[in-house]
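Here is the structure we will look at.
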Amino acid sequence: MFSSLSIRSKIAIVISLLLVGMTGMGILAVYKMSDINAKTVDIQQNLLPSVRALGDMRTASVNYRTVLRGHLLSEAMDAKVAAEQRMKVQDDLSLKTRQTYQPLITSAEERAIFDQWAQEWGAYMKLAEQVVALSRATPPGAFPREANGFNDGKAVPQGQKADALLARLVNLNNTGADKAGADAATDYNAAFLMIASIIAVSAVAGIGIGIYLVRDVSKGIASIVKPMQALGAGDLTAIVPHQGMKTEIGTMGDALQVFKQALIDKRAADQAAAADAEAKIERGRRVDKITSDFETMIGEVVETVSSASTELEASAVTLTATAERAQELTTSVAA
835 MFSSLSIRSK IAIVISLLLV GMTGMGILAV YKMSDINAKT VDIQQNLLPS VRALGDMRTA
895 SVNYRTVLRG HLLSEAMDAK VAAEQRMKVQ DDLSLKTRQT YQPLITSAEE RAIFDQWAQE
955 WGAYMKLAEQ VVALSRATPP GAFPREANGF NDGKAVPQGQ KADALLARLV NLNNTGADKA
1015 GADAATDYNA AFLMIASIIA VSAVAGIGIG IYLVRDVSKG IASIVKPMQA LGAGDLTAIV
1075 PHQGMKTEIG TMGDALQVFK QALIDKRAAD QAAAADAEAK IERGRRVDKI TSDFETMIGE
1135 VVETVSSAST ELEASAVTLT ATAERAQELT TSVAA
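For the sequence shown, the numbering used here begins at 835 and goes up steadily by one.
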């Protein structure tokens, strides 16, 4: 079936297959690259900023508790007021970081953990206010035993609960970043393998089809050249293949058949002309023979007439001599 197609159609099919393969490879590459880009963008614009914000929140909470511990250790009221101002700065920083982090939350699990952390941190802030109040109520120079005990017994454990939730949020985002990175690497490896496979299959198919086309075209041309050489050598019985096929080789076969028929007609015409010339030569020979025979016959007639004329002349001379003799005798007798 494929051999009955024209060379133009075969080349068009091969080019179409190559274009389909290249287009498929391009679409696959674009799809995989867009998927990898989406995961990279998610890491860059969501997961990493989330981890960074959570780290800032964690730092702010640690600093807040550190300043609170300093508030307990301060004896002068001015130092306690300064510590409260630093605590306010850390609380504002934590609130600002929370506002940055909340739009980055993408999953229900992460939202639930954050809401739980907000509750635990709010509870800690209330306990911290009580610690500050007890620390302020401690007389100058005295150890804030009640405030320190309240801080160690209630505020610190509550802060540790909030820290554990922050750690879960950080681990959740780290896990998401690791998963996104692993998915991106998997997509890259899969895309590379698929593209390499498509290239290999396309190369093998292209080489195979190319070899087939070269052999098919060479075979078709050779099938036309062989009878053409035979016709050139004078063998008009050579069979011309591929006649009537709607291909370039078929067109060549039809043209060669017309050429063969022209040679056959020319040979027949030459043979007819040679026969006619031979007949004319034969007629000339016959005319020459008749003319020669006529000339021979005329010569014989002339020769016969000439001989008869000579004999007649001799007879005339004899008769004349006889007549003269008779005249002489007559004269003599008369005398």
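Note that the Cβ used here is the ideal one computed from N, Cα and C, for glycine as well.
Residue burial classification, residue i (beta-carbon count within 10 angstroms, cutoff 16)
i, result
"Gly-1118", "exposed"
"Ala-958", "Correcting the residue identity first, residue 958 is Tyr in this sequence and not Ala. Buried: at least 16 other Cβ atoms inside 10 Å."
"Ile-1083", "buried"
"Leu-999", "buried"
"Ala-917", "buried"
"Phe-984", "buried"
"Arg-899", "buried"
"Phe-948", "buried"
"Val-1074", "buried"
"Glu-1137", "exposed"
"Ala-1067", "exposed"
"Ile-877", "buried"
Three-state class that DSSP yields for residue i in the structure shown
i, result
"Phe-977", "coil"
"Lys-1100", "helix"
"Thr-1071", "coil"
"Ile-1058", "helix"
"Lys-1080", "coil"
"Ile-877", "helix"
"Glu-909", "coil"
"Ser-941", "coil"
"Thr-1138", "helix"
"Thr-972", "coil"
Residue-level contact to chain C via CB, residue i, 9 Å cutoff
i, result
"Tyr-865", "Within the model displayed, chain C is absent; a lone protein chain is all it includes."
Closest residue to residue i among the options (Cα-Cα distance)
i, options, result
"Glu-980", "Ser-1031, Gln-964, Ala-1064, Glu-1137", "Gln-964"
"Val-990", "Asp-1012, Val-1004, Ala-962", "Ala-962"
"Ile-1032", "Tyr-1022, Asn-1005, Met-856", "Met-856"
"Arg-952", "Lys-995, Val-966, Asp-1012", "Per the sequence shown, residue 952 should be read as Ala rather than Arg. Closest by alpha carbon: Lys-995."
"Ile-841", "Gly-889, Arg-970, Ser-1052", "Ser-1052"
"Gly-1087", "Ala-971, Met-1062, Asp-1110, Glu-1137", "Met-1062"
"Leu-1027", "Lys-960, Tyr-935, Val-854, Lys-866", "Lys-866"
"Leu-907", "Ala-1039, Ser-969, Gly-956, Ala-1157", "Ser-969"
"Lys-873", "Gly-1010, Gln-933, Gly-987, Thr-1138", "Gly-1010"
"Leu-927", "Glu-1147, Arg-945, Ser-895", "Ser-895"
"Ala-942", "His-905, Leu-1003, Gln-919", "Leu-1003"
"Thr-972", "Ala-1030, Leu-938, Glu-909, Glu-954", "Glu-909"
Residue i CB to nearest heavy atom of the ligand FMN below 8 Å
i, result
"Pro-883", "For the structure depicted, the ligand FMN is absent and the ligand set is empty, with no information on it obtainable."
Fill in: Within the stretch 987-1020, ranges of the beta strand (DSSP E) (whole runs, at least 3 residues)
none
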